[in-house]
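If you're matching positions, the sequence shown starts at -12 in our numbering and goes up one per residue. A quick write-up on the structure given underneath.
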Amino acid sequence: MLPFSLAMRFAGIIDPEMHREAENILIKMGHFFQVQNDFLDYYSKEEIGGKSGTDIQEGKCTWPIVVVLERATAEQKIILKNTITRKSFITSLLKIAVKPIVLDTKLDEWIYGSNFTEQIKEARTMQKVCAGIKPIAKVSNKVRRLVDSFNDEKNKLMTVWPNIVSELTEDNNEELLDVNKWITEVLEYNVPKGGKRRSVSFVIACKLLTSQDQLTEENIRLAHILAWCIEIMQAVHTMADDILDHANMRRNQPAWHVKIGLFAVNDILLIETCIYKLIQKYFKSKECYGDIMNTFLKDNKMEEMMKF
-12 MLPFSLAMRF AGIIDPEMHR EAENILIKMG HFFQVQNDFL DYYSKEEIGG
38 KSGTDIQEGK CTWPIVVVLE RATAEQKIIL KNTITRKSFI TSLLKIAVKP
88 IVLDTKLDEW IYGSNFTEQI KEARTMQKVC AGIKPIAKVS NKVRRLVDSF
138 NDEKNKLMTV WPNIVSELTE DNNEELLDVN KWITEVLEYN VPKGGKRRSV
188 SFVIACKLLT SQDQLTEENI RLAHILAWCI EIMQAVHTMA DDILDHANMR
238 RNQPAWHVKI GLFAVNDILL IETCIYKLIQ KYFKSKECYG DIMNTFLKDN
288 KMEEMMKF
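The following block contains the structure:
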């Protein structure tokens, strides 16, 4: 939800009702994505779904387990509670209680009913209104062009990354040289290696929602800076999640806490300050400064609350 809420703020869309409508739609879409993600963890091959199939074994209350608990008998629930980490039991129970349900119906409609498609249409209509573009065909073409440019946008972001690191480690105080070297290492190891779906989505949303006369070179540069703030925030959450979940690997390399130990907790706090340093430097004089800062703080709070 952060990329799109932030893009609306960046584009000057401040109508509370429009933000509420967007939030309602985005929360449902995010819920659907998480359900799909949980499903892929168990039923998809890793090379197809990108999931390792360990969520259930690690005792996480994922969507299949929720469905099982809703449909299992009292006796099955007791067995499930006592054998949650035994994949052989989980395999048979899930096949009985979950897989037939999913295979016999569309996943999105099973979760939200037939109105899910209408909700997606609402999202596109809202996007059209926000962009100030009336012809539906024109919106579709514009969206299609921007979506097709995903890899190009990702490459453009990567060209900005060295400047972001320099900005965050530019202090010339000799006493802080070692600290700056460490910040550079933490950032390079944890931030730029992900898929960048959130940051690129933010840039694309900005280009959709911002009027053409405001799509200046300077505003696009500012959008790229905020995009990297999103990626740093994502790194903050994944580093913390890896500690809480006792995960050993992240993005085909050892998780940061595995590499350096529990000092990683301090590094999480350290790179989170980088977000607010960038926002303060580039947006403090702008009208959207307070909204942008509050959007990040709200998202961070929601992410932390979801860990319970």
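Ideal placement from N, C-alpha and C gives every residue a C-beta, glycine not left out. The structure displayed is predicted, hence computed values, not measured ones.
Collapsed DSSP secondary structure at residue i in the structure displayed
| i | result |
| --- | --- |
| Met16 | helix |
| Arg238 | coil |
| Ile323 | Outside the shown range of the chain, which is -12 to 295, sits residue 323, and nothing can be said about it. |
| Phe283 | helix |
| Met292 | helix |
| Val173 | helix |
| Lys183 | coil |
| Asp254 | helix |
| Ile0 | coil |
| Glu8 | helix |
| Thr60 | coil |
| Val178 | coil |
| Met(-5) | helix |
| Glu34 | Confidence at Glu34 is low in this model, with a pLDDT of 47, below 50, so the placement of that residue should be treated as unreliable; the coordinate-derived value is given next. Glu34 falls in the helix class under three-state DSSP. |
| Ile88 | At Ile88 the pLDDT is 44, less than 50, meaning the model places this residue with poor confidence and gives no usable figure here. |
| Ser188 | helix |
| Thr260 | helix |
| Gln21 | helix |
| Lys121 | Below a pLDDT of 50, predicted positions are generally treated as unreliable, and Lys121, at 41, falls in that range; no measurement from the model is reported. |
Run of the alpha helix (DSSP H) containing residue i, from where it starts to where it stops
| i | result |
| --- | --- |
| Leu209 | Glu204 to Leu231 |
| Glu274 | Where Glu274 is concerned, there is no enclosing alpha helix (DSSP H), given that its DSSP letter is neither H nor E. |
| Val245 | Trp243 to Ile247 |
(message) Could you tell me which whole alpha helix (DSSP H) segments of length 4 or greater appear in the stretch 136 to 162?
(response) 137 to 155
(message) Across the stretch 199 to 208 and the stretch 153 to 171, are there enough close Cβ pairs to call them in contact, namely three or more that are closer than 8 Å?
(response) no
(message) Pairs of beta-carbons, one from the stretch 171 to 183 and one from the stretch 144 to 153, closer than 8 Å: are there three or more?
(response) yes
(message) Count Cβ pairs between the stretch 249 to 258 and the stretch 217 to 231 that sit closer than 8 Å; are there 3 or more?
(response) yes
(request) Take every Cβ of the stretch 177 to 189, pair it with every Cβ of the stretch 269 to 287, and state whether three or more of those distances are shorter than 8 Å. (result) no
(message) Does the stretch 208 to 217 come into contact with the stretch 259 to 270, if we say contact requires no fewer than three beta-carbon pairs (one atom in each stretch) closer than 8 Å?
(response) yes
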